[in-house]
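Q:
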Amino acid sequence: MGRRNLWPARERPMAERRRATLRNAQDHCADVVRRADSSFAAAFWMFPREQRRALHAIYAFCRLADDIADDPSVRGDRRLLLDRWQAELAAAYCGRARHPVGMALGDAARRFELPEAVFADLLAGVESDLIGEPIECFEDLRRYCYRVASTVGLLVVRVLGVRSERALDYAECMGIAVQLTNVLRDVGDDAASGRIYLAREDLERMRVAPELLKTGQMTEDVRLLLALYAERARLYYERAADLLPPEERGRLRPAEAMGRIYRSLLDELHAQGFSCFDGALRISRGRRLALAAGAWLGLPSSRPTSPVIATDRWTPRVER
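In this note's numbering, the protein residues as written are 761 to 1080.
1) For ARG860, which residues in the same chain have their Cβ closer than 8 Å to its Cβ, ignoring the five residues on either side in sequence?
2) Would the beta-carbon of PHE1037 fall within 8 Å of that of GLY976?
3) Using the C-alpha atoms, what's the distance from ALA847 back to GLY1019?
4) Just reading off the alpha helix (DSSP H) that HIS816 is part of, what are its end residues?
5) Buried or exposed for SER1024, going by 16 or more other Cβ atoms inside 10 Å?
6) Are the beta-carbon atoms of LEU985 and VAL968 separated by less than 8 Å?
7) Quick one: what's got a C-beta closer than 7 Å to LEU928's C-beta in the same chain, skipping five residues either side?
8) Compare the Cα-Cα distances from ILE1021 to each of GLY935, GLU991, GLN1032 and GLY1010 and report the closest residue.
9) ARG778 to TYR819, Cα distance in whole Å?
10) I'd like to know whether the C-beta atoms of LEU920 and ASP867 end up nearer to each other than 8 Å.
11) Using the Cα positions of SER924 and ALA1015, report the straight-line distance between them to the nearest angstrom.
12) Compare the C-alpha of ARG955 against each of PHE898, TYR904, PRO894 and ALA850 and name the closest.
13) What separation, rounded to the nearest whole angstrom, lies between the Cα atoms of SER888 and LEU901?
14) Going by beta carbon distance, what residues of the same chain come within less than 6 Å of VAL947, once the five residues before and after it are set aside?
15) Between which two residues does the alpha helix (DSSP H) carrying GLN846 extend?
16) Go ahead and label ASP791 buried or exposed: buried means 16 or more other beta carbons lie within 10 angstroms of its beta carbon, across all protein chains shown.
17) Within 10 angstroms of the Cβ of VAL793, are there 16 or more other Cβ atoms? Answer buried if so, exposed if not.
18) At which residues does the alpha helix (DSSP H) containing SER1024 begin and terminate?
19) What are the start and end residues of each continuous alpha helix (DSSP H) run of 4 or more residues lying completely inside the region 859-940, in chain order?
20) In chain order, what residues of the same chain have a beta carbon less than 8 Å from the beta carbon of GLU896, not counting five sequence neighbours either side?
21) So, helix, strand or coil for LEU963, using DSSP?
22) Relative to the alpha-carbon of ALA850, which residue among GLU873, SER833 and ALA880 has its alpha-carbon at the smallest distance?
23) Taking 8 Å as the limit between beta carbons, can you name the residues of its chain near ARG838, skipping five residues before and five after?
This is the structure:
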């Protein structure tokens, strides 16, 4: 005879009900990741369950925050929605979250000692998108990339159990490289919607009027401008590779998987001559899984292609 639960739901011990609520919240976060079909899911599918749940919670929190800033389907006062999400973050760290993502995030934060300040930096990046904060120079863009991408890397390496200063620097550089790749891929769509992430001073130096980006006109000056950003991204990937601690290489393979996927995207953009006005380029799910598997297995990867263009108008470098 099978075991029976003799306790009605309303009389179950509080701890059991809390566990069930938490499991439902974690399942909700996993659904957010699956629906997104993102590179994130491809990089982390082989994790042990508790780490995977924490990463799902981080992704779901970031995804919903990002949707507040730029998802056209979101209704209501976006500033108010972001304020509520900031309040949910505070509640998650106090054990009083009400949203399923907040509940799962609070559990992950306690298990893996995730700093609340890093999430606050991430939300500051979302806020800059919401208010359309201008990007005057590359340092402004670097700071934005740190907020919306490096922060995620810093959280991920903590879930991986890595705490060394070198690993944190690695995560910061990898995040900047990944976000620069995103900026390059989405430059056409972003400009068409009124948001240009390329620094104003770079546009002026390369003699590119914002209207060229908004209307999707690919001139030689535009192509050279995009090559500048591709080279900057490549240099940050190289810097991250140099910072990867040899003793932590095994534990950081999931982060390397993410890097390989985005480096592949950068290579493809370069191979296509930076045709970034024909819709956002995506790496197929099969290709993402293959790249992630290569990183998990420790297989060597090729370095990203460098756009070699002779010009005296810029000298790319890693700026920190």
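Cβ coordinates follow ideal geometry from the N, Cα and C atoms, glycine included.
A: In short, the structure shows the following:
1) Before going on, a small fix: residue 860 reads as Pro here, not Arg. Closer than 8 Å at Cβ, skipping near neighbours: ASN784, ALA785, HIS788 and CYS789.
2) yes
3) 32 Å
4) Where HIS816 is concerned, the enclosing alpha helix (DSSP H) stretches over 809-830.
5) Per the 10 Å Cβ criterion, buried.
6) yes
7) LEU914 and VAL917
8) GLY935
9) Those two C-alpha atoms are separated by around 22 Å.
10) no
11) 15 Å
12) Of PHE898, TYR904, PRO894 and ALA850, the residue nearest in Cα terms is PRO894.
13) 11 Å
14) CYS1036
15) First-last of the alpha helix (DSSP H) with GLN846: 838-853.
16) exposed
17) buried
18) For SER1024, the enclosing alpha helix (DSSP H) has its first and last residue at 1013-1031.
19) 860-872, 876-891, 898-905 and 911-919
20) ALA959, ARG960 and GLU961
21) helix
22) Comparing Cα-Cα distances from ALA850 to each of GLU873, SER833 and ALA880, the minimum goes to ALA880.
23) Short of 8 Å from the beta carbon of ARG838, and not among the five residues preceding or following it, lie these beta carbons of its own chain, in chain order: ILE828, ALA829 and LEU890.
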